[in-house]
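These notes concern the structure reproduced below.
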Amino acid sequence: MSEPIKIFISAGEASGEHYGALLVEELRRKLAATGRTASFLGMGGQRMADSGLERLARSEDMAVMGITEVVRHLPRIYREFRRLKTAIRARRPSVAVLIDFPDIHFRLASEFHRLGIPVIFFVSPQLWAWKKKRIRLVQRYIDRMLVIFPFEEQFYRERHVHAEFVGHPLAELPLPSISRAEFARQSGLDPAKSWIGLLPGSRAREIADNLPEMLAAARSLTNRASHAAGPHRELQFVIPLAPTLRPSHRTMLQSLIDRHASSLSVHLVDDARAALFHARASIVASGTATVEAALIGNPFVVVYRVSPLTFAIARRVVKVPFVAMVNLIAGKLVVPELIQQAFTAPNIVHEIEPLLPDGPPRESMKKDLARIRALLAPKDLGEAGGAIARVAAVTLELAGAFSLVPESVPS
89 MSEPIKIFIS AGEASGEHYG ALLVEELRRK LAATGRTASF LGMGGQRMAD SGLERLARSE
149 DMAVMGITEV VRHLPRIYRE FRRLKTAIRA RRPSVAVLID FPDIHFRLAS EFHRLGIPVI
209 FFVSPQLWAW KKKRIRLVQR YIDRMLVIFP FEEQFYRERH VHAEFVGHPL AELPLPSISR
269 AEFARQSGLD PAKSWIGLLP GSRAREIADN LPEMLAAARS LTNRASHAAG PHRELQFVIP
329 LAPTLRPSHR TMLQSLIDRH ASSLSVHLVD DARAALFHAR ASIVASGTAT VEAALIGNPF
389 VVVYRVSPLT FAIARRVVKV PFVAMVNLIA GKLVVPELIQ QAFTAPNIVH EIEPLLPDGP
449 PRESMKKDLA RIRALLAPKD LGEAGGAIAR VAAVTLELAG AFSLVPESVP S
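The numbering of the sequence shown is the working numbering, which starts it at 89 and goes up by one.
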């Protein structure tokens, strides 16, 4: 039997870690069909480890955000980064797949390039919004850029990068099959009440910055609903927990709930997609969760807050009309954006209340979200299947294992 192919896969955040786990499973499936095997090494979270990745670094140790936040954790990040580079030189994988997380991954890409190891970047960094100078790093170090938003392919091809839109992995997933009654039983919820999702982010700092204001809005919504007529007089709130959260961060999250919402019915759950599917509406921190909510069709409001320094710098360099990816894809304001100073409990209440009852605001948003889902659906890739399957095919192609789809040069 031939030697296993060594494949490096790295992800630093909850969404990328989910894609990484799916990719390991798909690669294993494709290789098994040809009698080949692979060993997987890199950086990831528990899901990637459970799928068979040998973790050289843990994503939960690296996933921080913002300028001031990175500075505080720099010694730990630098230590883990050096460990990764040492392992790459010693183990010499056949190919590297880097999923989002550009601050770390561009530096790793330069090391792979120096060693002559082909690099795939899956889930593009938002260079089209800011840091466009980093395109030089993509041109120099990245062999394939596999993107999940349709407008990104043209952006990169115009800059002579071998890019391909593969579709959004979440757009391939069927809607959750769990019934409302069963989800309520598992989560301690009352199926007769209206549920509102609270998704503050997957990092500890995001939760600390976003959740207190969300809970303030939840208190106000509960009070207003109890004095209103109609079917949504009783509310419960659902907070999905990111699998990359450490136990200490979960403890911190619970303490925030105890401090800010002890009188509310707030429930922590593990299944974000089921929570979004069964929630009446949601308050979602800007990020991958907004795309997940859109694809499931759950009406929502986007919120976000970062440190004043991070925000001040971002305002000077970001050159796009919207913050939420959903609005960028649609080319118009589909979901309300409450960013920085606009992110207040009264503003949340003002934006989300019209989405709770049946009527034009709710139905209009649901129609727009359905159009966005259609835009993100994987294109017809024939035998290669959907987004993750296409990434796996390119990975094996560049690893020299075999080629499922003939290589095409971007125009």
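Backbone N, C-alpha and C fix where the C-beta goes; we use that ideal spot for every residue, glycine too.
The structure presented is a predicted model; accordingly, all values stated were derived computationally and were not measured.
Go through its chain and collect everything with a Cβ distance to residue 175's Cβ below 6 Å, but skip five positions before and after it.
Locating residue 175 in the sequence shown gives position 87, counting from the first residue. Excluding positions up to five away in sequence, the list reads 144.
Just the Cα atoms here: how many angstroms apart are residue 269 and residue 290?
The count along the sequence shown starts at 1 and reaches residue 269 at position 181. The count along the sequence shown starts at 1 and reaches residue 290 at position 202. Roughly 27 Å between the two C-alpha positions.
State buried or exposed for residue 158, treating a residue as buried only when at least 16 other CB atoms are found within 10 Å of its CB.
In the sequence shown, residue 158 corresponds to position 70, counting from 1. For residue 158, the predicted model reports a pLDDT of 49, less than 50, meaning its position is unreliable and no value from the coordinates is stated.
Can you look up residue 267 in the DSSP assignment and give me helix, strand or coil?
Counted from its first residue, the sequence shown places residue 267 at position 179. The answer is coil: DSSP assigns residue 267 none of H, G, I, E or B.
Around the C-beta of residue 339, are 16 or more other C-beta atoms found within 10 angstroms, so that it is buried, or is it exposed?
Here residue 339 refers to the residue found at position 251 of the sequence shown. When all chains shown are included, residue 339 counts as exposed.
Quick check: the stretch 352-372 against the stretch 269-279, are there 3 or more CB pairs under 8 Å?
yes
Only counting runs of 4 or more residues, tell me where the alpha helix (DSSP H) segments fall wholly within the stretch 272-322, in order along the chain.
292-314
Please report the distance separating the alpha-carbon of residue 331 from that of residue 371.
For this step, residue 331 is matched to residue 243 along the sequence shown. For this step, residue 371 is matched to residue 283 along the sequence shown. In this structure, the straight-line span from the alpha carbon of residue 331 to that of residue 371 is close to 19 Å.
What are the residues that DSSP puts in a beta bridge with residue 355?
For the purposes of this step, residue 355 is identified with residue 267 of the sequence shown, where counting begins at 1. Residue pairing from DSSP places residue 355 in a beta bridge opposite 326.
Considering only their Cβ atoms, is the gap separating residue 337 from residue 292 smaller than 8 Å?
Walking along the sequence shown from the start, residue 292 turns up at place 204. Walking along the sequence shown from the start, residue 337 turns up at place 249. In contact: residue 292 and residue 337 (Cβ atoms closer than 8 Å).
Measuring CB to CB, does residue 207 end up less than 8 Å from residue 111?
Taking the sequence shown and counting its residues from 1, one reaches residue 207 at position 119. Taking the sequence shown and counting its residues from 1, one reaches residue 111 at position 23. Their beta carbons are not under 8 Å apart, which means residue 207 does not touch residue 111 by this criterion.
So is residue 132 buried or exposed if we call it buried at 16+ other beta carbons inside 10 Å?
Numbered from 1 along the sequence shown, position 44 holds the residue referred to as residue 132. Counting Cβ neighbours within 10 Å, residue 132 comes out buried, since at least 16 surround it.
Taking 7 Å as the limit between beta carbons, can you name the residues of its chain near residue 106, skipping five residues before and five after?
Position 18 of the sequence shown, counted from the start, is the residue given in the question as residue 106. Same-chain partners within the cutoff: 135.
Considering only residues of the stretch 193-247, which uninterrupted alpha helix (DSSP H) runs meet the minimum length of 4 residues and lie entirely inside it, listed in chain order?
223-229, 238-245
Are residue 435 and residue 285 close, meaning C-beta to C-beta below 8 Å?
In the sequence shown, residue 435 corresponds to position 347, counting from 1. In the sequence shown, residue 285 corresponds to position 197, counting from 1. Contact: no.
What residues match up with residue 475 in a beta bridge as DSSP calls it?
Taking the first residue of the sequence shown as 1, we reach residue 475 at position 387. Answer by DSSP bridge pairing: none, since residue 475 is not bridged.
From the DSSP output, read off the bridge partner residues of residue 132.
Taking the first residue of the sequence shown as 1, we reach residue 132 at position 44. Per DSSP, 146.
Just reading off the alpha helix (DSSP H) that residue 370 is part of, what are its end residues?
Position 282 of the sequence shown holds residue 370. Residue 370 -> not in any alpha helix (DSSP H); beta strand (DSSP E) instead, spanning 369-373.
Can you say whether residue 408 is buried or exposed, counting buried as having 16 or more other CB atoms within 10 angstroms of its CB?
Taking the first residue of the sequence shown as position 1, residue 408 is located at position 320. Residue 408 comes out exposed.
What residues in its chain sit with their C-beta under 7 Å from that of residue 335, if we drop five residues either side in the sequence?
Counted from its first residue, the sequence shown places residue 335 at position 247. Closer than 7 Å at Cβ, skipping near neighbours: no residue.
In this structure, what does DSSP give as the bridge partners for residue 187?
One-based indexing of the sequence shown puts residue 187 at position 99. Checking the DSSP bridge columns, you'll see residue 187 partnered with 99, 210.
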